[in-house]
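Worksheet: one structure, shown below.
Chains as they are written, first to last, in the working numbering: chain A, 1 to 393; chain B, 1 to 393.
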């Protein structure tokens, strides 16, 4: 186990009907005026918008609205949010939505107290020192942004997507009601399941030894996500399965499963270029990339991959040849993603094979950096992984 | 899964040598003057006191000392601490020690802002609204107070021991260096191991259904504590095992393993009367009481006890008669406690059998309340459990 810091201060209000308490929660924190931040009309159609507004009004919480957050949330909307918050003396930003809305709210919160352009944070020209508090009503179990220290924003000019990690941006509170995810389309639910799993998988494959406690916590989380994932694909109204996914989404990215380990996150970086160049969902891209990454690197530590196979996917352990178990685990994982309706090859994702070099070049900043910690990967390695992503195992 | 709130805001600084950073940590939080609160000379003999003082001086942190915390921390010292903090304009209470020192610091912190006698909190006459921040340098892995919302204080007059739970008292930060526990006597280490396990066990046995995610997290925690416990009894200088115990002590009582469940805590209440009447260590008392409690209640849900046996203690599952597995698990658990050098019967604990009725009477407030949630227990039930605690299974 290596030295670490753990900090997950977000207060979670979990369970059925909790969105009806939003007004009194905010009042209890002592806030009177908030920015109500969300994406599309989906929350109006579902009735959530009305429930939130009623609860706010009942508690005499004044609110200003800013909608229009899109997937890969845009800088211009963040800047508009900052302007509104300053003009209106907003005290808290309430994000009603998923990872994109939360990230947008986080950027507004930090930008509020910063004198320069908020994009400075994403170019490492400045570091956020203070933020407006951010509250969350979560509508999709996936990104884990509701408890995480990360935010990703896209600058329209040149479509530059950048993320940072800073403990300042961890939300003050998050309302997690699994019922709010009942009506998600199956494809989005499945993308979320892959995303949740991947946040733990990226922390699981590490070179740090003697991390049995976090191994076991991570494996427990992954096993329950896999089981809940199967249940929810059969019955989207399965409360317990939805609840497992939602709580796991927070735990998978608040760093509980990374404590004392060095995480990898190469698959995320390789996928980023894929979804940057083609219009594919993050979770779907990860479903294609991770098995290929695993296929490329498992020989670095076949025992750890065998452990993953046996403990998470219930493969039999081949004690005389752990490599066989390692391979079986990768196959099982790919099959599981596929069973959710996820693409698992480049072809299924609709990605042609003629841009691998360009993507690998961008991913390594023009072949000037390596990515990943479990195995360090350069441009050529990444090209090989894109090629491996053409196959089923 | 039932609705729940989860709130564990304590920032953890984990790993080797972290106590040397205490001065700069406190400076970074913006504090200048603190109360240095600890127990006996043990931290002076070990050199920890000097390390802390040097680090504070280097960072220009002024400090006032208050030592003398004893096991079952006393109200009079808390009152003295409150007086000192007010007179000296203290900004943070730094607890250097284990659960007793931390609880004493928590009570000082809350009492500081309260107009009446601090004991009011423990008699439910008032509820803490605000606290001086509390920081921790942990020297024993056991109570979990470093991340928990609970504090227990003893009033000298009549030796009344009372505890409360309030999120206000969760420490601001905790420095967890497993090296600081190397020199603990084996008996104290073993008491800590039992205490850590019991904080999760008390949450594990629940009537709430569909809690597989927390089941798996709890089982992972328990399995690693059992393995680390065995290692540390063989080699007290095993860093990784000490690290597992220390991190598990925090996770076991910050409510991670209780999320979405109804916890029981009957064993704790039954043990409280035992350690109240006889001078026995809390962990040792629990090692005697839990197997007896389990023996008394397992038929309420043999399958859950069988799961505990199979998943935590690796007993074979008897599918045709799960009761056999349930019983094997209770035996295994008792044997594990015994293997740590813990007493597991009343005789080994040195407790005579003539006060069971009196203890059960106190535990049920003169037979006016029941305790426990998994199975509700009245005075007679508790007497039976004390009797069952005379045996090995």
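Just so it is clear, CB atoms sit at the ideal spot from N, CA and C, and this is done for glycine as well.
Exercise for review: Figure out for me which residue from B/176, B/83, B/115 has the closest Cα to the Cα of residue 14 of chain B.
Suggested key: Cα-wise, what sits closest to residue 14 of chain B is B/176.
Review point. Three-state secondary structure (DSSP) at residue 18 of chain B?
Key: The answer is helix: DSSP assigns residue 18 of chain B an H, G or I state.
Exercise for review: From the DSSP output, in three-state form, read off residue 163 of chain B for me.
Suggested key: If DSSP states are grouped into helix, strand and coil, residue 163 of chain B belongs with the strands.
**Study point:** Straight-line Cα distance separating residue 214 of chain B from residue 243 of chain B
**Key:** Our two residues, residue 243 of chain B and residue 214 of chain B, have alpha carbons roughly 22 Å apart in a direct line.
Check your understanding: For the candidate residues A/201, A/120, A/218, whose alpha-carbon lies nearest to that of residue 224 of chain B?
Key -> For residue 224 of chain B, the nearest C-alpha among the options comes from A/218.
**Study point:** Residue range of the unbroken beta strand (DSSP E) whose run includes residue 223 of chain B
**Key:** DSSP places residue 223 of chain B outside any beta strand (DSSP E); the residue lies instead in the alpha helix (DSSP H), whose first and last residues are 212 to 234.
Check your understanding: How big is the Cα-Cα spacing for residue 316 of chain B and residue 249 of chain B?
Key -> Note on geometry: alpha-carbon atoms of residue 316 of chain B and residue 249 of chain B lie some 28 Å from one another.
Check your understanding: Can you tell which of B/79, B/112, B/150 has its C-alpha closest to the C-alpha of residue 89 of chain B?
Key -> Here the closest residue by C-alpha is B/112.
Review point. Checking contacts by CB at 7 Å: is residue 3 of chain A closer than that to chain B?
Key: Among the CB atoms of chain B, one or more fall inside 7 Å of the CB of residue 3 of chain A.
Practice item. Given a cut-off of 7 Å, decide if residue 134 of chain A and residue 109 of chain A are closer than it, judged by their beta-carbon atoms. Key: Yes.
Exercise for review: Consider the Cβ of residue 236 of chain A: report whether some Cβ of chain B lies at a distance smaller than 7 Å.
Suggested key: At a cut-off of 7 Å between C-beta atoms, residue 236 of chain A does not count as an interface residue with respect to chain B.
Check your understanding: Taking Cβ to Cβ, would you say residue 211 of chain B is nearer than 7 Å to residue 158 of chain B?
Key -> Against a cut-off of 7 Å, the Cβ pair of residue 158 of chain B and residue 211 of chain B comes out as no contact.
Review point. Distance, Cα to Cα, residue 201 of chain B vs residue 41 of chain A?
Key: In a straight line, the C-alpha of residue 201 of chain B is about 45 Å away from that of residue 41 of chain A.
Review point. In this structure, what does DSSP give as the bridge partners for residue 278 of chain B?
Key: None, per the DSSP bridge assignment.
Review point. Any idea what DSSP makes of residue 145 of chain A, helix, strand or coil?
Key: DSSP, read as helix, strand or coil, puts residue 145 of chain A in coil.
Check your understanding: Does residue 212 of chain A get closer than 7 Å to chain B when you measure Cβ to Cβ?
Key -> At least one chain B Cβ lies under 7 Å of residue 212 of chain A.
Point to revise | Chain-ordered chain A contacts of residue 18 of chain B [CB-CB under 9 Å] | key: Here the neighbours are 3.
Point to revise | Backbone CA spacing between residue 237 of chain B and residue 179 of chain B [nearest angstrom] | key: Cα to Cα, the separation comes out at about 8 Å.
Exercise for review: Apply the 10 Å Cβ neighbour rule to residue 170 of chain B and answer buried if 16 or more other Cβ atoms are within range, or exposed otherwise.
Suggested key: Around the Cβ of residue 170 of chain B, a 10 Å sphere holds 16 or more other Cβ atoms; the residue is buried.
Review point. Out of curiosity, what's the CA-to-CA distance linking residue 53 of chain B and residue 186 of chain A?
Key: Residue 53 of chain B and residue 186 of chain A have their C-alpha atoms spaced approximately 58 Å apart.
Point to revise | Uninterrupted alpha helix (DSSP H) stretches inside the segment 287 to 326 of chain B (no shorter than 4 residues) | key: At a cut-off of 4 residues, the continuous stretches assigned as alpha helix (DSSP H) that sit fully inside the segment 287 to 326 of chain B are 302 to 307.
Check your understanding: What did DSSP end up calling residue 37 of chain B once you bin it into helix, strand or coil?
Key -> It is a strand residue.
Point to revise | Extent of the continuous alpha helix (DSSP H) run through residue 97 of chain A | key: Looking at the DSSP string, residue 97 of chain A is not in any alpha helix (DSSP H); the run it does join, the beta strand (DSSP E), is 92 to 97.
Practice item. Rounded to whole angstroms, what's the CA-CA distance from residue 303 of chain B to residue 323 of chain B? Just pull it up for me. Key: Roughly 7 Å between the two C-alpha positions.
Check your understanding: Do the segment 305 to 320 of chain B and the segment 260 to 274 of chain B make contact, defined as three or more Cβ pairs closer than 8 Å?
Key -> Output reads no: the segment 260 to 274 of chain B does not touch the segment 305 to 320 of chain B.
Exercise for review: Mark residue 423 of chain B as exposed unless 16 or more other C-beta atoms lie within 10 angstroms of its C-beta, in which case mark it buried.
Suggested key: A query on residue 423 of chain B cannot be resolved here, the shown segment of chain B reaching from 1 to 393 and no further.
Point to revise | Element boundaries [alpha helix (DSSP H), containing residue 197 of chain B] | key: From DSSP, the alpha helix (DSSP H) with residue 197 of chain B extends over 186 to 204.
**Study point:** Chain-order list of residues whose beta-carbon lies under 8 Å from that of residue 336 of chain B (same chain, five-residue window excluded)
**Key:** Excluding positions up to five away in sequence, the list reads 226, 229, 313.
Check your understanding: The beta strand (DSSP E) with residue 150 of chain A in it runs from where to where?
Key -> Unbroken beta strand (DSSP E) run through residue 150 of chain A: 150 to 155.
Exercise for review: Give the straight-line distance between the Cα atoms of residue 330 of chain A and residue 95 of chain A, rounded to the nearest whole angstrom.
Suggested key: Approximately 37 Å between the Cα atoms of the pair.
**Study point:** Straight-line gap, residue 327 of chain A to residue 247 of chain A (C-alpha atoms, nearest Å)
**Key:** The alpha-carbon atoms of residue 327 of chain A and residue 247 of chain A are separated by roughly 30 Å.
Check your understanding: Is residue 356 of chain A helix, strand or coil when you go by DSSP?
Key -> Helix.
Review point. Excluding the five sequence neighbours on either side, which residues of its own chain have a C-beta within less than 7 Å of the C-beta of residue 291 of chain B, listed in chain order?
Key: So the list reads 330, 333, 334, 344, 393, once near-sequence residues are dropped.
Exercise for review: Report the rounded CA-to-CA distance for residue 209 of chain A versus residue 162 of chain A, giving the unit in angstroms.
Suggested key: In a straight line, the C-alpha of residue 209 of chain A is about 32 Å away from that of residue 162 of chain A.
Check your understanding: Under a Cβ-count criterion, where at least 16 other Cβ atoms within 10 Å of its own Cβ denotes burial, should residue 367 of chain B be classed as buried or exposed?
Key -> Burial call: exposed.
Check your understanding: Distance, Cα to Cα, residue 257 of chain A vs residue 251 of chain B?
Key -> The alpha-carbon atoms of residue 257 of chain A and residue 251 of chain B are separated by roughly 12 Å.
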